[in-house]
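Numbering follows our numbering, with no gaps: position 30 of the sequence shown is 445.
Even glycine gets a Cβ: it sits at the ideal position worked out from N, Cα and C.
Data block below; observations after.
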Amino acid sequence: MEPKAHPPSGSLPVSNAFVLGVVVLSLAFLVFGAVAAGFVGTPALEDEHRLEAETSTALDLTATIDHDRLPAWWATHVENDEVTEFRVEFDADVALPTGTVTVSLGELEHVETVETDVWGEKRA
Numbered sequence: 416m417e418p419k420a421h422p423p424s425g426s427l428p429v430s431n432a433f434v435l436g437v438v439v440l441s442l443a444f445l446v447f448g449a450v451a452a453g454f455v456g457t458p459a460l461e462d463e464h465r466l467e468a469e470t471s472t473a474l475d476l477t478a479t480i481d482h483d484r485l486p487a488w489w490a491t492h493v494e495n496d497e498v499t500e501f502r503v504e505f506d507a508d509v510a511l512p513t514g515t516v517t518v519s520l521g522e523l524e525h526v527e528t529v530e531t532d533v534w535g536e537k538r539a
């Protein structure tokens with residue numbers, strides 16, 4: 416039996432330039448333009464991670480692509496002349512002595528356009 420979801424994974428290099436360590440409670444991402452594809456980005460970081468002061472490290476990330484939702488994305492993709500623009504935005508929840516804050520990681524935003532020509536109608 417084929418799995419109903421696929422968990423792609425990767426790592427994200429992070430740095431803490433401050434003189435105090437911080438604890439990253441969660442790291443999430445949202446994928447826009449692919450909601451129908453079943454991309455789910457929360458939580459992307461499975462365990463909290465302490466970033467010591469003035470250090471760099473890599474955080475391991477996972478996501479889930481729900482295979483059952485791929486046909487809905489494909490229909491939308493074809494309706495849009497076989498073009499989909501994906502935009503990925505990242506946020507982190509960080510524990511501070513005063514409480515938890517959500518930090519937008521805008522510099523990590525990623526935009527990519529996926530274009531296909533399955534029907535052969537885009538030949539130059």
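Proximity to T499 across T528, V437 and L435 peaks at T528, based on C-alpha coordinates.
A check of alpha carbon separations from S441 across V518, A468, L485 and E467 identifies V518 as the nearest. The DSSP-derived three-state label of D462 is coil.
For V518, the enclosing beta strand (DSSP E) covers residues G514 to S519. DSSP lists V498 as the beta-bridge partner residues of E530. A direct Cα-Cα distance of roughly 42 angstroms separates E494 from T472.
Around H525, the same chain offers V503 as residues with beta carbons nearer than 6 angstroms, after the five sequence neighbours per side are excluded.
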